[in-house]
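Chemist:
Given below as structure tokens:
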């Protein structure tokens, strides 16, 4: 039996005041988790981690 992987999509929105909200969706666009709030600084850290991964050969990441 072949395992089926789930594709997760992160939708990022910044609101007035600087907070960043992340909405996690499945491959069909259905909302999995709503409203993870992170600071703008944490978002920059997350983006830098993504960039580091891409530069070091992890080509499967999509942002």
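In our numbering, the protein residues as written are 1125 to 1187.
We put the beta carbon where it would ideally sit given N, CA and C, even for glycine.
Since the model is a prediction, treat every value here as computed from it, not as a measurement.
Here's a check: name, in chain order, each residue in its chain whose Cβ is nearer than 6 Å to the Cβ of residue 1162, leaving out the five neighbours to either side.
Modeler: Looking up residue 1162 in the chain shown gives position 38. Answer for residue 1162: 1144, listed in chain order.
Chemist: Can you tell which of 1164, 1150, 1173 has the C-alpha that lies nearest to the C-alpha of residue 1142?
Modeler: Here residue 1142 is taken as the residue at index 18 of the chain shown, counted from 1. With distances taken between Cα atoms, residue 1142 lies closest to 1164.
Chemist: With DSSP collapsed to three states, give me the class of residue 1174.
Modeler: As a first step, residue 1174 is located in the chain shown; it is residue number 50 there, counting from the start. Helix at residue 1174.
Chemist: If you draw a straight line from the C-alpha of residue 1137 to the C-alpha of residue 1167, how long is it?
Modeler: Numbered from its first residue, the chain shown carries residue 1137 at position 13. Numbered from its first residue, the chain shown carries residue 1167 at position 43. So the alpha carbons of these two residues sit roughly 11 Å apart.
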